[in-house]
Amino acid sequence: QVQLVESGGGLVQPGGSLRLSCAASGNILRINSMGWDRQAPGKERELVARISSGNTTNYAGSATGRFTISRDNAKNTVYLQMNSLKPEDTAVYYCNADVVGGIIGVIWGQGTQVTVSS
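Sequential numbering of the sequence shown, starting at 6, is according to the working numbering.
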């Protein structure tokens, strides 16, 4: 059994910051890419950021320059530092990981709500 547990969401004012964390646990031999997607009400889920096992990153245009993805391989954890938040960043944020271990493939966390509002 492998699972992802997210934390760090919440309510923040426009211009504020939040840091999301996502820890993988269970029977894990290796984690390839890790990432964050988000889904706003009435919209499709979209990529926010990805990071490879070698720390190569890519970002959605809306996240570039404001969000930073990082990972701690020793802790099987991925982070998303979000700065200069805007109301349009309001969404449920889902982490994901491409895992090799008790299962093989991409798994998803349960999601954490981020609300940007004054």
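All residues carry an ideal CB built from backbone N, CA and C; glycine is no exception.
Are the CB atoms of Leu90 and Val17 nearer to each other than 9 Å? Here residue 90 refers to the residue found at position 85 of the sequence shown. Here residue 17 refers to the residue found at position 12 of the sequence shown. It is a contact, given that the beta carbons lie within the stated cut-off.
Contact between the region 105-122 and the region 49-66: three or more CB pairs below 8 Å? Counting Cβ pairs under 8 Å, fewer than three are found: no touch.
Could you name the residues that DSSP lists as bridge partners for Gln8? Taking the first residue of the sequence shown as position 1, residue 8 is located at position 3. BP columns for Gln8 point to Ser30.
For Arg35, is the classification buried or exposed, using 16 other Cβ atoms within 10 angstroms of its Cβ as the cut-off for buried? Along the sequence shown, one-based indexing puts residue 35 at 30. Looking at its Cβ environment, which holds fewer than 16 other Cβ atoms inside 10 Å, Arg35 is exposed.
Using CA atoms only, rank isn't needed, just tell me which of Asp103, Val97 and Glu51 is closest to Glu11. For this step, residue 11 is matched to residue 6 along the sequence shown. Minimum Cα distance to Glu11 is reached at Val97.
Does DSSP classify Asn78 as helix, strand or coil? Here the question's residue 78 lines up with position 73 in the sequence shown. Three-state result, Asn78: helix.
Using the three-state DSSP reduction, which class does Glu93 fall into: helix, strand or coil? To locate residue 93, count along the sequence shown from 1; it is residue 88. In this structure, Glu93 counts as helix in the three-state DSSP scheme.
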